[in-house]
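Below is one structure, written out as C-alpha cells; comments come after it.
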Amino acid sequence: MKQSVVWRGDTWWSAPALIFNVLADNEKLGGGALSINLQVMGPTLNKEEFSRKVQDFLRGNRVSFQLWAIAIDVNLESEEEGHRLACLSR
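The sequence shown: position 11 = 58 (the working numbering), numbered continuously.
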C-alpha cells in the first residue's frame with residue numbers, strides 16, 4: 048500500500064521493506080577478500096554464482112513480494128553484457 052508522508056513541508060513516499068544479510072563460509076567459496084570491482088578470478092566468480100543462487104532461492108515464486116540484491120554479480124553481469132554486445136556487433 049502506497050502512502051505519502053509529510054514532514055516539515057516535504058512530501059516523500061515510503062513503503063514497507065526488509066533488509067538482511069546472508070552469511071556463508073568464505074573459504075568454501077574460494078577464500079580471499081570481498082571486493083565489488085571488475086576482477087575476473089575464480090574465487091570472485093564463485094562468490095557471485097553463489098549470490099545468484101541465494102537470490103533465486105529467496106525469490107521463490109514471488110507471489111506477494113519482490114526481492115532485489117545489490118551488487119552481487121558485477122563480474123558475471125559485465126561478462127554477459129560483453130557477450131551480448133559482441134553478438135550484436137557481428
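Cβ coordinates follow ideal geometry from the N, Cα and C atoms, glycine included.
Looking at the structure shown, is residue i part of a helix, part of a strand, or coil, going by DSSP?
i: Pro63; result: coil
i: Val69; result: coil
i: Leu114; result: coil
i: Leu85; result: coil
i: Ser136; result: coil
i: Arg109; result: coil
i: Asp120; result: coil
i: Gly129; result: helix
Is residue j closer than 7 Å to residue i when the C-beta atoms are compared?
i: Lys94; j: Leu76; result: yes
i: Pro90; j: Gly107; result: no
On a Cα-Cα basis, can you pick out the residue from the options that is closest to residue i?
i: Val121; options: Val69, Leu70, Phe67, Met88; result: Met88
i: Ile83; options: Ile119, Ser111, Phe104; result: Ile119
i: Gly129; options: Leu85, Leu114, Arg109, Pro90; result: Leu85
i: Glu74; options: Ala62, Phe97, Phe67; result: Phe97
Identify, in the order they occur along the chain, each residue of the same chain with its Cβ nearer than 8 Å to the Cβ of residue i, setting aside the five sequence neighbours on each side.
i: Leu92; result: Asn122, Leu123
i: Ser136; result: none
i: Gln102; result: Leu114, Ala116, Ile119
Within its chain, find whatever has a CB closer than 6 Å to the CB of residue i; leave out the 5 residues flanking it on each side and keep chain order.
i: Arg99; result: Asp120
Examine the ligand GDP and report whether any of its heavy atoms sits within less than 6 Å of the Cβ of residue i.
i: Leu105; result: Judged by which ligands are present, the structure shown has none, so any question about the ligand GDP falls away.
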